[in-house]
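Undergrad:
Residue numbers (the working numbering), protein chains in the order written: chain A, 49 to 386; chain B, 9 to 344; chain C, 166 to 671.
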């Protein structure tokens, strides 16, 4: 065992001795921030996943914004591995980045990551997923899930009222470990409160953010209640599953044709945009990715300047529907060509 | 009219010197690769030669090394253990449940942390033993057994927690798991034990014999079944030990902890030189293999490469290492 | 006499890593004649044949094949020139049919289409199988064939390539007596067709039966050559080993006693062995003779707990061995077993000599409290046993056993069991593929063990070996013991008659 221990100590010794200089010079250039906004910054961006369009859109929005400012972006994706994300953020810290933008796996496992950034005195902003309350200090930019969902569903209910009959409804719920999913569920419930004469919820389908689970859930629901005529999904990325289930049941019809099922969603991705354009989708609540990206970067600047920021910065978002499709599509990320 | 012609084969085999051949055949070959790689890439990698980075590298390499050592033991027997990542997840969840003040009921007792750690190790050993039993007594192929365990145990961990992470772990545990010095000491101790076991114990020699040729081993009186069960139990226990550190670093018990490291584990062990077909493997090799893999990860993270290029570069570097290794075995191996 | 020779070697030399293996080999073989190539393991036979077969290139020297210079760069060149090499370990694909194996390189096509012409394949294969006297459907998978049948398929493949020169390396190693006879009559037919053969074997009797000419190699040089009639067996052996062996079998110093060690009573396993009873005494070398398939190896495996038996009793030193005991428990009772399958059951081929030697007796070197190995006693034991079995001094303990010759490998296995100090040693075909010089040393070790009071049960298909060594010989046939011959009644004919299967209800 002796050689192993020897080598380990040697490795540590070498790396610490040989380049202490470069480390200290890096600290020096960072300085005390007399004019932090003027010189190009280095921002570490660590995403938990790039597996759905929404995250890719967010990633690209941040990249574009940073490029415009002439700053450098360091990229890392941890594929759902919390320990790997911790390692990646520690690497950012080693490189003395000026700020970190993080999409954590969930609201709990990110706490050590935030603490590490706090300890190195590097501002850290959470993109779209806030952390649990703790002594770790961070700022999160999130869509106002509750308000936006409530607004979207209120619009859908008003459409339903026009038909003059009662609708049986299905709700696809996200992963309840995700605070965003809870906000959207509560927004839905708040919107239909007092509307019992129009909407009767017959199926609440837990999806855990999985397309497979959503697919089997909606197929089962349609089997049990063939007269479902109102579906809301907590995220647009589940639409392909819903559409295929509806087609299978012969219930996929355009708005205004008999047998149309009122559809609503959240996010504003490309599928949703396509469905809006073709006249199948009634409305979706759009998270303003560009606004969120800008808010994240601005928050880093503010934190570096020593400002006190609230723990949550809200993205109000907007509802896009058949009535405002042309006016609003320029702001909808799913409508942009990539 | 016989033609006389020098052989092209012998000409190709002539090497600059014995030293070169010795370097290729040496246990330290992969370490050499590490040094060359570090010297080649380090100067262009901002922040690479810093003490923070060394500590960083170490803190992520240590738990990986623990899992890799267990995997190596199984590979030596000619098997494979795909279930290590699920064992990490399950142990993380069990440990967290025991130590969480709400679910555990130990209520911040002095014994909370030791109880949690022991629970984790026990669970790891139990799952490993079950693997070994299926391989040795039911004569099932290790790949299928541990694949099934991977799925079953992973699913069980998710079910236990209903997919939620458990936090509020005792601060003492987080400090233990997150402290690189403690991790270094424990990993070094574990590596030392494995080294002694492989080289100086009867069990170690049985392990290699089983891997080389189980039929010969059986006829020579080696309790092959017992050796296999013990090997998988070791792998499970080392994965559980790694889980202590992974959980402590994340300060959270989560069923999906370590789900993505399986290929890193097997990759590190094989790059080190352990054979997938059994009978070959050394602690030192595995240490260097882990070091090499983590070095690549670390430098690629520090370089400002696009995430998409990064994965490709990592694959290419590992392939290059594998090619070099194959070449060295051909050149430094026994001449006919 | 024909002036063009089938093959002519002139001045062939070859070294590996500076060690000369062949030094200026020159000889020729007349067209249509058969050459017996003999020599101890490591004498250079395989290297020379690998050069002829295109697997290796010579350092110096050249070859002339049928009157034209012959410089094969790879085995394909050799095949094209009409040289076929039939290896000791047969090179057939077990998962393919006979027909596919024969024509793998050039499967007949449907015109220029990429589909295989099954009918042509079938017909051509059937013709070739007829030539080698094998009445089996061409579609049969090779894995269903016996060793002898596979040998014939190999020769059919050589004929498919229209070979003019066929090299046979130890072709009879895994063949039964009957299969050997079939092979020899086929080889004689090939001789009659004018095909030249090079026949490599340790069994001089076979060489004598089949060959016209003889070449003896020793240490990479030709030490004797000429027509076979010019050499008698002792002359060939002394040429091979470089000294004259006055005896083929060492002298027995001790003698058998009447103290029973291993007692077998009415051992029966349906369709395998039936009502086997015998006793191995202290100091006795008991031989078991039988043809292939007589149940000898199966009996040995049952005795060592590798296979099970339905009825009967086995006692070791008067204590009954439980039927469920495995090799480990039987080892502890003093049994040891050298299997016939050296490569797959006897050795860990890639492991070192030291590890192989120590495997059985490891626990003797474990020291409490942690049961760690005591390197000193371990090393001492290995050195002692290496000297005792006279393992070649050229290799280090750390070298892998696969680099050793067959004889030295067998010494390693024997050494491994001797370290366990067995009371009864069961040997199954211990000298298969072992050259004459090493055989003598193995015999010596076996007799020494008996002289020290152990019992030896030796299974062999070579009558000479058994009559030379044993105190008593049992003959097995069809799973039963058909004869028990004390030393005074040894005779080749009587043993063979007892070993031949009886007609049903005769």
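Yeah, the Cβ is synthetic: ideal placement off N, Cα and C, and Gly gets one too. Values in this document were obtained by computation on a predicted structure and should not be read as measured data.
Buried or exposed: residue 235(B), going by 16 or more other Cβ atoms within 10 Å of its Cβ?
TA: Flag for residue 235(B) reads buried.
Undergrad: State buried or exposed for residue 133(A), treating a residue as buried only when at least 16 other CB atoms are found within 10 Å of its CB.
TA: Buried is the call here.
Undergrad: In chain order, what residues of the same chain lie with their CB nearer than 8 Å to the CB of residue 301(C), ignoring the 5 residues before and after it?
TA: Hits under 8 Å: 263, 294, 310 and 314.
Undergrad: Against chain B, does residue 504(C) count as a neighbour if the rule is that its beta carbon must be under 9 Å from one of theirs?
TA: By this cut-off, residue 504(C) is an interface position.
Undergrad: Residue 64(B) versus chain A: which residues are under 9 Å apart at the beta carbon?
TA: Here the neighbours are 135, 138, 139, 141 and 142.
Undergrad: By the 10 Å Cβ neighbour count, where 16 or more other Cβ atoms means buried, how is residue 436(C) classified, buried or exposed?
TA: Looking at its Cβ environment, which holds fewer than 16 other Cβ atoms inside 10 Å, residue 436(C) is exposed.
Undergrad: Under the rule that 16 or more other beta-carbon atoms within 10 Å means buried, what is residue 14(B), buried or exposed?
TA: Model confidence at residue 14(B) stands at a pLDDT of 42, short of 50, so the residue's coordinates are unreliable; what they give is reported in the following sentence. Residue 14(B) should be labelled exposed.
Undergrad: Counting Cβ pairs closer than 8 Å, one from the segment 218 to 232 of chain A and one from the segment 179 to 194 of chain A, do we hit at least three?
TA: Touching, yes.
Undergrad: Using the Cβ count rule (16 or more neighbours within 10 Å means buried), how would you classify residue 623(C)?
TA: Residue 623(C) should be labelled buried.
Undergrad: Following the continuous beta strand (DSSP E) through residue 340(C), name the residue where it begins and the one where it ends.
TA: Where residue 340(C) is concerned, there is no enclosing beta strand (DSSP E), given that its DSSP letter is neither H nor E.
Undergrad: Spatial neighbours of residue 345(C) within its chain, please: CB distance less than 6 Å, with the 5 preceding and 5 following residues excluded, ordered by chain position.
TA: If we look at residue 345(C) and ignore the five residues flanking it on each side, its Cβ neighbours are 337.
Undergrad: Could you pull out every residue in the same chain whose Cβ sits closer than 6 Å to the Cβ of residue 228(C), ignoring the five residues on either side in sequence?
TA: For residue 228(C), where only same-chain residues beyond five positions count, the Cβ hits under 6 Å are 174 and 235.
Undergrad: Pull up the CB-CB distance for residue 101(B) and residue 165(B), whole angstroms please, since I reckon it's below 8 Å.
TA: Sure, about 5 Å apart at Cβ, within 8 Å.
Undergrad: Does DSSP put residue 380(A) in a helix, a strand or coil?
TA: Three-state DSSP puts residue 380(A) in coil, outside helix and strand.
Undergrad: Can you list, in chain order, the residues of its chain whose CB lies under 6 Å from that of residue 121(B), leaving out five sequence neighbours each side?
TA: 178, 180 and 181, listed in sequence order.
Undergrad: Does the distance from the C-beta atom of residue 341(A) to that of residue 161(A) stay below 9 Å?
TA: No.
Undergrad: Determine the DSSP secondary structure at residue 390(C), reduced to helix, strand or coil.
TA: Strand, per DSSP.
Undergrad: Give a yes or no on whether 9 Å exceeds the smallest Cβ distance from residue 159(A) to chain B.
TA: Answer yes: the Cβ-Cβ gap between residue 159(A) and chain B drops below 9 Å somewhere.
Undergrad: Taking all protein chains shown into account, do 16 or more other C-beta atoms lie within 10 angstroms of the C-beta of residue 662(C), making it buried, or fewer, making it exposed?
TA: When all chains shown are included, residue 662(C) counts as exposed.
Undergrad: What first and last residue would you give for the alpha helix (DSSP H) that runs through residue 203(A)?
TA: Residue 203(A) -> alpha helix (DSSP H) spans 193 to 211.
Undergrad: Specify, as a first and last residue, the run of the beta strand (DSSP E) that residue 227(A) falls within.
TA: Counting along the chain, residue 227(A) falls outside any beta strand (DSSP E), though it belongs to the alpha helix (DSSP H) covering 227 to 240.
Undergrad: Buried or exposed for residue 398(C), going by 16 or more other Cβ atoms inside 10 Å?
TA: Label assigned to residue 398(C): exposed.
Undergrad: Three or more C-beta pairs under 8 Å: does that hold for the segment 351 to 367 of chain A against the segment 196 to 206 of chain A?
TA: Yes, they touch.
Undergrad: So is residue 129(A) buried or exposed if we call it buried at 16+ other beta carbons inside 10 Å?
TA: Label assigned to residue 129(A): buried.
Undergrad: Under 9 Å between beta-carbons, which chain B residues line up against residue 520(C)? List them in chain order, please.
TA: Near residue 520(C) (Cβ distances below 9 Å), the residues of chain B are 213, 216, 217 and 220.
Undergrad: Taking the alpha helix (DSSP H) that residue 325(A) belongs to, which residues open and close that run?
TA: Run containing residue 325(A): 318 to 326, per the alpha helix (DSSP H) assignment.
Undergrad: Just verifying my parser: in three-state terms, what is the DSSP assignment at residue 300(A)?
TA: It is coil, neither helix nor strand.
Undergrad: Going by beta carbon distance, what residues of the same chain come within less than 6 Å of residue 649(C), once the five residues before and after it are set aside?
TA: Within the same chain, residue 649(C) has close Cβ partners 639.
Undergrad: Run through the DSSP bridge pairs and tell me what residue 274(C) is partnered with.
TA: Bridge partners of residue 274(C): 281(C).
Undergrad: Could you tell me which residues DSSP pairs with residue 314(A) in its beta bridges?
TA: DSSP output for residue 314(A) lists 333(A) as bridge partner(s).
Undergrad: Assuming residue 154(B) and residue 90(B) form a contact by the criterion Cβ under 8 Å, report the distance between their Cβ atoms to the nearest whole angstrom.
TA: Going by Cβ atoms, the distance from residue 154(B) to residue 90(B) rounds to 4 Å, so yes, they are a contact pair.
Undergrad: Mind listing which residues of the segment 115 to 130 of chain A have their C-beta closer than 9 Å to chain B's C-betas, in chain order?
TA: Of all residues in the segment 115 to 130 of chain A, 120, 121, 122, 123, 124, 125, 126, 127, 128, 129 and 130 have a Cβ within less than 9 Å of some Cβ in chain B.
Undergrad: Check whether the Cβ atoms of residue 175(A) and residue 218(A) sit closer than 9 Å, and answer yes or no.
TA: No, they are not a contact pair.
Undergrad: Considering only residues of the same chain and omitting the five flanking positions on each side of residue 151(A), which have a CB-CB separation below 8 Å?
TA: The residues are 94, 95, 96, 97, 103, 106, 174, 175, 176 and 177.
Undergrad: Taking a contact to mean a Cβ-Cβ separation below 9 Å, would you say residue 371(A) touches residue 320(A) in this structure?
TA: No.
Undergrad: When DSSP labels each residue in this structure, what does residue 199(C) get in the three-state scheme?
TA: Three-state DSSP puts residue 199(C) in a strand.
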